[in-house]
Amino acid sequence: MVEIQKFNPALETPQALKEMLVARDEESKTVLDCLLKTKPDASPPQFILVGPRGMGKTHLLLFIYYTVKNILPWQDDGKKFFKAWIPILIAEETYAVLTLEDLFQEILKRLQEELSITAYPLPLSEPDFVEKAVYYLKKLSKERKKRYLLLIDNLHEILGILPEKDHERFRAILQNNPIFSIIGTATFYFDAIANYKMPFYNFFQPVWLHELDFKEIKEFLLKRLKRDEKQEIIEKFEEYEPKIRAITHLTGGNPRLILSLYQIVTEFKIEAVEKQLFTLLDELTPYLRDVVNDVPIQQRKILEIIAVKGEPITPTEIAKTANIAVTTITSQLKRLTERGLVKSLKIKGRRETLYDIKDKLFSLWRQMRQEAGRKRLGFIVRFLKIWYSEKELEKIALEMIEYSLKAISEEKKEAVISFSDKLYYLAEAMPSQKPDLHSLRIESLILSGNYEKAKEEIEELKKEAEQKKDKWLLAKIILGEAFLYYIKKNYEKAIEGCKKAIEIKPDMYEAWYNLGVAYNKIDKLNEAIEAYKKAIEIKPDMYEAWNNLGVAYYKQGKLNEAIKAYKKAIEIKPDQPYACANLAHTLSKKNKISEGVKFIKKAIFLAKKEKDPGFPKAEFLKRESLYLLHLYLLLSSKAFKRGNYPKVISYLEEALKIVSQAEPAPAGEAFSTYLKDVIKMADADFSIKILKLIKEKGTEDLKEFLKPFMIALSYLEKKDEMILLRTPEEFKPIVKEILSEINKDL
């Protein structure tokens with residue numbers, strides 16, 4: 001599977017960060033202008049960038065870092081004033097910081113890298129380490145006439161780990177030593193800075209990273225398309241504007257989610273997007289659990305209701321679900337809004353305000369965990385409905401089915417699972433096609449040998465169909481289960497499953513047809529015929545049912561009925577090879593060999609043109625070419641009995657033309673039997689003529705198989721006794737018998 005290459009700010013060049021930064025002008029200006037205007041003797045600013053995961057906090061933090069380092073430009077006088085700061089970047093995942101001592105050790109370590117200076121020699125175990133580290137930093141600051149800009153990613157996690165006494169110490173250090181300015185990031189307005197009882201209450205100036213709006217998402221996507229050189233999409237970009245408006249709401253303007261959906265638009269990597277989102281949500285579980293645990297129980301309940309709903313909801317609806325008074329709900333929603341966990345929406349024409357989860361990732365996380373064992377994301381389904389028309393989805397589904405059939409023929413089991421996963425989302429996005437597409441998914445998994453995966457899907461879909469009382473889906477899935485039993489040769493169970501499907505949907509022609517196939521396997525031919533007839537009654541143009549009806553009649557010896565059924569199948573689908581081949585076999589059995597040749601040649605012609613990757617072309621061609629060869633040899637033999645010697649030769653030549661298309665061994669057996677019969681009837685000259693023709697036009701494989709006949713011919717032509725002496729011992733009796741038959745009249 002191709003992995004999604006997500007935009008990772010830490011791996012990008014400063015210039016790429018600048019180019020891909022969208023809708024953060026106001027936030028970056030707030031921070032950088034404040035740093036520019038802060039005088040050396042003034043208290044340094046303290047900022048916290050607040051926004052959900054994927055909102056671009058790390059991106060903005062790195063942009064500020066490179067700007068303060070003067071790697072990226074900022075206004076005319078930026079370079080002059082930024083020289084007053086030493087930027088120190090504390091990365092997103094700094095797992096070693098457990099105490100205030102650890103934090104200052106990390107600061108000293110990053111300072112050493114930033115200034116390329118000798119490491120600070122003080123060991124962490126030194127008494128009063130923090131105080132001595134601060135003293136050292138003050139001294140260095142004074143010497144260099146610079147202050148420290150601490151850019152701390154995920155500050156909420158660091159403060160969440162530090163004991164409360166360290167909070168008090170840290171705040172005191174920052175207040176008493178105006179050499180430190182902090183720009184931290186946090187995914188929400190967390191308790192350590194929001195609670196008035198905590199040391200850092202009101203210490204940081206929050207800078208809220210807003211969700212991208214429609215215009216900003218357009219800009220964001222265009223930048224990414226240009227970066228990835230997707231010119232064909234750029235040229236049609238205006239056509240996508242209505243859809244971009246819709247995904248603005250779907251993603252909540254979260255850049256990370258937008259990038260995930262971007263992968264579907266550009267590459268249709270549904271399964272890769274699904275995997276990425278599940279991985280992301282699993283990684284976020286500790287953080288999102290902390291978000292929930294950080295709020296009072298009543299607020300947790302409200303968050304849960306809104307998240308699971310998956311769309312904006314009114315206080316009245318929340319109150320009804322939670323069984324809590326509307327006034328209480330309204331009050332709690334106000335607090336949740338202040339903490340940046342929910343957002344209010346005013347919709348024109350509606351009196352009540354709507355509320356939604358601000359962090360779409362939180363909504364996805366709760367929806368995913370709402371139902372134990374859930375494996376799919378409704379988020380992706382909703383996106384497909386927004387971005388693609390049903391006609392476009394149908395086209396994509398057909399492509400997926402074609403790829404899946406090709407993967408089955410090539411025995412690529414993992415590829416089939418991948419296509420099945422894609423088809424799941426397409427099925428869910430197309431309600432009218434849902435039962436059929438899920439049925440095809442299960443069938444493809446079974447045909448590829450993914451039995452356990454097929455069984456899992458069957459159980460999951462049966463449960464859903466029963467819960468939703470979807471009879472059509474339930475019947476389709478039970479029929480899929482019957483097919484699994486059929487493939488495993490449990491025909492009684494397969495019959496039972498088909499009957500269950502028919503009980504649910506009596507007009508389901510596929511169930512009647514499959515019932516006939518299963519009955520045929522256990523030679524209950526009368527039952528099979530009745531089932532096929534019922535399928536035809538419901539769907540008169542069902543080619544497969546007519547063809548298999550012919551097979552059942554053939555097995556019963558009712559050849560005239562079989563011929564009628566095959567001819568009807570050919571009338572429905574004249575381009576399908578199976579019915580033509582079956583008709584040829586039946587006609588030949590009625591001694592209508594010339595007619596049989598006509599239809600078997602047509603079957604071979606159609607098979608060569610067949611493009612269905614699931615059609616066993618090579619196997620079919622070898623089998624039916626062998627049958628045609630038998631027919632030509634039979635016609636040649638009959639022509640000899642009638643004394644029509646030119647026809648004997650012409651039919652033999654036709655057989656020789658196709659011998660290379662059949663399996664060598666059975667083809668050789670057919671010729672061997674033919675030669676024995678003809679030599680018994682023919683005189684020596686005609687026998688030699690036939691053998692010479694085979695020697696001249698036969699394949700090397702055929703001549704090798706007919707070696708005793710070729711040795712006999714060589715002897716008859718040269719009259720050299722050494723030929724017989726050099727004949728391998730195992731061939732001598734056969735050669736002797738052949739020569740005896742040829743020379744019987746001499």
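Per full-length UniProt numbering, numbering of the sequence shown is gapless, rising by one per residue and ending at 746.
Quick reminder that beta carbons are idealized off the backbone N, C-alpha and C, glycines included.
If you measure between the beta carbons of residue i and residue j, is that distance less than 9 angstroms?
i      : j      : result
Asp294 : Gly253 : no
Ile738 : Phe709 : yes
Leu174 : Arg256 : no
Leu336 : Leu384 : no
Leu716 : Ile742 : yes
Ala454 : Leu426 : no
Phe47  : Thr67  : no
Pro52  : Phe188 : yes
Ile538 : Tyr509 : yes
Lys493 : Ala482 : yes
Tyr578 : Ala603 : yes
Leu484 : Ile446 : yes
His59  : Pro127 : no
Gly184 : Leu49  : yes
Glu211 : Lys358 : yes
Lys57  : Ala186 : yes
Pro44  : Phe180 : yes
Lys277 : Asp612 : At residue 277 the sequence reads Leu, which differs from the Lys that was named. Not closer than 9 angstroms, so no.
Trp85  : Tyr135 : no
Gly596 : Ala607 : no
Leu634 : Ile690 : no
Val130 : Arg169 : yes
Met430 : Glu459 : no
Gln299 : Leu341 : yes
Lys647 : Ser660 : no
Ser444 : Leu423 : yes
Does DSSP classify residue i as helix, strand or coil?
i      : result
Ser439 : helix
Glu219 : helix
Gly184 : strand
Trp208 : strand
Asp356 : strand
Trp74  : coil
Ala345 : A small correction: the amino acid at residue 345 is Leu; Ala does not occupy that position in the sequence shown. Note: Leu345 maps to strand in three-state DSSP.
Lys147 : Sequence check: residue 147 is Arg here, not Lys. Arg147 falls in the strand class under three-state DSSP.
Glu3   : Note that Glu3 scores a pLDDT of 37, beneath 50, so its modelled location is shaky and nothing firm can be said.
Leu98  : coil
Ile152 : strand
Ile117 : coil
Leu140 : helix
Phe47  : strand
Leu162 : coil
Pro87  : strand
Ile522 : coil
Measuring from the CB of residue i, is there a heavy atom of the ligand PLP at a distance below 8 angstroms?
i      : result
Ile182 : As presented, the structure is devoid of all ligands, the ligand PLP included, so that no description of it is given.
Contact check, residue i vs residue j under 8 angstroms by CB: the rounded distance?
i      : j      : result
Met400 : Phe419 : 5 angstroms
His630 : Ala670 : 6 angstroms
Leu151 : Tyr65  : 5 angstroms
Ala307 : Arg382 : Not confirmed; about 15 angstroms, so no contact.
Please return the same chain residues whose Cβ sits closer than 8 angstroms to the Cβ of residue i, not counting the five positions on each side in sequence.
i      : result
Lys243 : Ile386, Trp387
Asp575 : Leu606, Lys609
Ala91  : Ala10, Asp153
Tyr201 : Ile193, Ala194, Asn195
Tyr486 : Ala494, Asn514, Val517, Ala518, Lys521
Excluding five sequence neighbours on each side, which residues of the same chain lie with their C-beta closer than 7 angstroms to the C-beta of residue i?
i      : result
Glu527 : Tyr519
Thr99  : Leu162, Asp166
Gly449 : Lys413
Ala662 : Lys622, Ser625, Leu626, Leu629
Cys498 : Leu479, Ala482, Ala511, Asn514, Leu515, Ala518
Can you find the residues in the same chain that come closer than 6 angstroms, C-beta to C-beta, to residue i, ignoring five residues on each side of it along the sequence?
i      : result
Val22  : Glu216, Glu219, Phe220
Arg642 : none
Glu12  : none
Leu72  : Pro14, Lys18, Tyr66
Subject >> Stretch pair the segment 21-34 + the segment 136-156: three plus CB contacts closer than 8 angstroms >> reply: no
**OP:** Mind the definition here: the segment 563-571 touches the segment 530-548 only if three or more C-beta pairs lie below 8 angstroms; say whether that holds.
**Re:** Touching, yes, given that three or more Cβ pairs across the two stretches are closer than 8 angstroms.
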